[in-house]
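Residue numbers (the numbering used here): 142 to 450. We put the CB at the ideal spot given by N, CA and C, even for glycine. A short worksheet on the structure shown next.
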């Protein structure tokens, strides 16, 4: 039912009239030093794709590459972190696969379930919809800065809290409200995933950059020269589709290009439900949920317009 056509967050395969499977896989190298927390974040990141389709996670398979010269206790802590987050999601770890490699990485293949009539994809945004973001952005900058000892754990903590926060509490909202399009913001950045939603839906998107929530210190760190390699590739990916970038601070633009781990959901919803959804999302724990823009008619090559109201 859903494949690779539109860069969706997961694939969907129908089993019967009232049941379909949602499947995804995601893994990456450590972004924090604590192995247990890394395992939690990697698991939350993989589970997020299931929620982004409106599904409920069922089972997980661990995927890990591990250097021979590292202690077994390190692997155990990573796997324990992943199991902790899977359990929080109500999912079971039913196996996995490991390989020996010079580079440590961890993630999961996750299977979930969904009613075929309630699948949420990134290709249904409609003109007049408003766009909602559920978490702040800036995890790439902050984790990079922490690895470089430019910030301490206290500055990183809000980003850690957000990366560890599953979208499970919001699932009933996603299944209840009339949501036209949905995606989670990860490696392609907010601008990259917004571009994919616009292209898949045949619309353009207007983002009010002044309303987009950032974690504390993100713009200061960017001003000091902290960015990721993905910032450059993300800009190459979106630059032909963006207008208005010359009107906003460079630090803000770089934040919108920052790759996220276990990032926010970007939701396209009819305007009449927008304020109500924001309130409901905050009530279930997503305190930074914010309206950040709206959907417009397709404007030639422009997929994303950046403005400040």
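- In the DSSP assignment, residue 247 falls outside any alpha helix (DSSP H) and within the unbroken beta strand (DSSP E) covering 246-255.
- Considering only 243, 272, 269, 189, the residue with the shortest C-alpha distance to residue 207 is 243.
- For residue 345, there is no enclosing alpha helix (DSSP H); the residue is found in the beta strand (DSSP E) stretching over 345-349.
- For the stretch 341-392, the continuous alpha helix (DSSP H) assignments of 4+ residues that do not extend past its boundaries occur at 359-364, 370-379, in sequence order.
- 9 angstroms or more divides the Cβ of residue 237 from the Cβ of residue 169.
- DSSP places residue 283 within a helical segment (H, G or I) once states are collapsed to three.
- In this model, residue 349 and residue 448 are separated by some 5 angstroms (Cα to Cα).
- The beta carbon of residue 343 sits closer than 7 angstroms to those of 439, all from its chain and outside the five residues before and after it, given in chain order.
- Within its own chain, the residues whose Cβ lies closer than 8 angstroms to the Cβ of residue 369, once the five positions on either side in sequence are excluded, are 281, 282, 285, 399, 400, listed in chain order.
- Separation of residue 309 and residue 428 (C-alpha to C-alpha, rounded to the nearest whole angstrom) is 15 angstroms.
- If you keep only unbroken beta strand (DSSP E) runs of at least 3 residues inside the stretch 173-226, you get 197-207.
- By the Cβ rule, the stretch 360-368 does not count as touching the stretch 307-326, because fewer than three pairs are nearer than 8 angstroms.
- Judged by beta-carbon spacing, residue 278 lies within the 9 angstroms limit of residue 397, meaning their Cβ atoms are closer than that value.
- Assigned with DSSP and collapsed to three states, residue 270 falls in coil, not helix or strand.
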